[in-house]
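*Asks:* Sharing a structure below in structure tokens format, with a few things to ask.
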Amino acid sequence: GAEQRLRQRAQSCHRYRAVIEAQRLDPAHHVVVAVALVDHQPPIEVAGEGVPGPIAVILQHVELAESPQAETLFITCTDSRIIPNALTCSGPGDMFTLRNIGNLVPSGQLDSSVEAAIAYAVDRLEVCSIVVCGHSGCSAMAELLGESGATNDAGDEHLAAWLAHAQPAVAAFDSGRHPIAQAAAAKDFDPVDQLGMVNVAVQVETLMNHPLVSTLHDTGQLKVIGLFYDISTARVLHVRSGSVDEFHPEE
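In this note's numbering, each residue's number is its place in the sequence shown (first place is 1) plus 4.
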């Protein structure tokens with residue numbers, strides 16, 4: 005009946021996702037890896053020293069069933085084009101991810117959801133880095149500049165209330181006079197993306213002054229990094245206090 009068809013469809017979808025993931029892990033052995041992914045456990049004959057790379061990855065992920073082991077708090081936008089794990093070449097369990105419209109960290113600890121995520125990441129997971137990642141063509145930044153072209157819709161007051169937390173970034177942007185905005189303009193980024201980069205810098209500064217982060221950051225125990233993902237070129241840029249450069253993970 006209908007229930008059986010739904011079960012079969014779900015199983016087919018699960019197997020398809022497993023094959024895609026397996027191909028990403030290791031194209032040469034993707035069939036074996038897909039079987040392990042679908043069955044939720046690797047074949048017993050590979051559970052020892054010298055196991056193939058893809059199976060070893062799966063075995064590592066199985067260990068995450070007991071507890072999270074993330075080393076990075078990754079704060080980014082809710083835009084569906086941003087896939088944090090693909091962007092950072094990381095796997096399940098590597099990052100504790102916080103997403104909201106405009107990748108904002110409201111100053112003054114005014115948002116309970118954001119504060120809970122920061123507290124859990126810093127106090128419970130003891131992450132060693134916090135990343136704020138903005139992106140090109142951000143609708144939130146366009147809204148702040150009045151360039152979204154959106155009409156008045158039901159619920160707009162909620163969006164406006166949330167984006168009010170981005171006003172410090174708009175003020176810092178100063179119609180393009182901020183050093184980061186000028187550096188972005190020199191790289192041919194439009195005002196929306198210029199504001200997006202300034203916004204990243206402002207959120208990074210907010211985090212550096214956060215009571216749970218400041219001491220750890222000042223003593224070198226916790227890095228706070230600003231990134232900007234240019235969707236059209238797939239480049240990741242490093243947003244510093246007054247410059248925008250190509251990001252090198254080893255830095």
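Backbone N, C-alpha and C define an ideal beta-carbon position, used for all residues, glycine too.
#1: Taking Q198 as the reference, give the member of G141, R239 and D160 with the closest Cα.
#2: How far does the beta strand (DSSP E) with D249 in it extend, from its first residue to its last?
#3: Candidates S245, V240 and D234: which alpha carbon is nearest V228's?
#4: Could you check where the beta strand (DSSP E) with D234 kicks off and where it finishes?
#5: Output the boundary residues of the beta strand (DSSP E) element that contains V134.
#6: Do you know offhand how far I184's Cα is from E147's?
#7: Per DSSP, which residues does H242 bridge with? Please list them.
#8: Just curious, the alpha helix (DSSP H) that T210 is in, first and last residue?
#9: According to DSSP, what are the bridge partners of M99?
#10: Report, in whole angstroms, the separation of the C-beta atoms of C132 and I79, which I expect to be a contact under 8 Å.
#11: Could you tell me whether the stretch 179-195 touches the stretch 155-171, where touching means 3 or more Cβ pairs closer than 8 Å?
#12: Hey, how far is the Cα of E119 from the Cα of L108?
#13: With C-beta atoms as the reference, is Q73 less than 8 Å away from G97?
#14: Mind checking D83: buried by the 16 CB within 10 Å criterion, or exposed?
#15: Going along the chain, which residues of its own chain have a beta-carbon closer than 6 Å to the beta-carbon of V208, five neighbours each way excluded?
*Replies:* From the atom records:
#1: For the purposes of this step, residue 198 is taken as residue 194 along the sequence shown, with counting starting at 1. For the residues G141, R239 and D160, the minimum Cα distance to Q198 belongs to G141.
#2: Looking up residue 249 in the sequence shown gives position 245. V248 to E250 is the span of the beta strand (DSSP E), which, as asked, contains D249.
#3: Position 224 of the sequence shown, counting from 1, holds the residue named residue 228. Answer by Cα proximity: S245.
#4: The residue labelled residue 234 in the question sits at position 230 within the sequence shown. Run containing D234: K227 to D234, per the beta strand (DSSP E) assignment.
#5: Numbered from 1 along the sequence shown, position 130 holds the residue referred to as residue 134. In the sequence under discussion, the amino acid at residue 134 is Ile, which differs from the Val named in the question. Run containing I134: S133 to H139, per the beta strand (DSSP E) assignment.
#6: What you label residue 184 is simply residue 180 of the sequence shown in a count that begins at 1. What you label residue 147 is simply residue 143 of the sequence shown in a count that begins at 1. Rounded to the nearest angstrom, the two C-alpha atoms are 20 Å apart.
#7: In the sequence shown, residue 242 corresponds to position 238, counting from 1. Looking at the DSSP assignment, H242 forms a beta bridge with L231 and D249.
#8: Position 206 of the sequence shown holds residue 210. Taken as a continuous stretch (DSSP letters only), the alpha helix (DSSP H) holding T210 covers P195 to M212.
#9: On the sequence shown, position 95 is the one that residue 99 refers to. Paired residues: T76.
#10: By 1-based counting over the sequence shown, the position of residue 132 is 128. By 1-based counting over the sequence shown, the position of residue 79 is 75. Not quite, the Cβ-Cβ distance comes to about 15 Å (not below 8 Å), so this is no contact.
#11: no
#12: Locating residue 119 in the sequence shown gives position 115, counting from the first residue. Locating residue 108 in the sequence shown gives position 104, counting from the first residue. Rounded to whole angstroms, E119 to L108 spans 11 Å at the Cα level.
#13: Looking up residue 73 in the sequence shown gives position 69. Looking up residue 97 in the sequence shown gives position 93. Yes; because the gap between Cβ atoms is below 8 Å, this pair is in contact.
#14: Within the sequence shown, residue 83 is the residue found at index 79, counting from 1. The residue is buried, with at least 16 neighbouring Cβ atoms inside 10 Å.
#15: Start at 1 with the first residue of the sequence shown, and residue 208 comes out as number 204. Counting only Cβ-Cβ distances below 6 Å, and skipping sequence neighbours, we find V136, V228 and G230.
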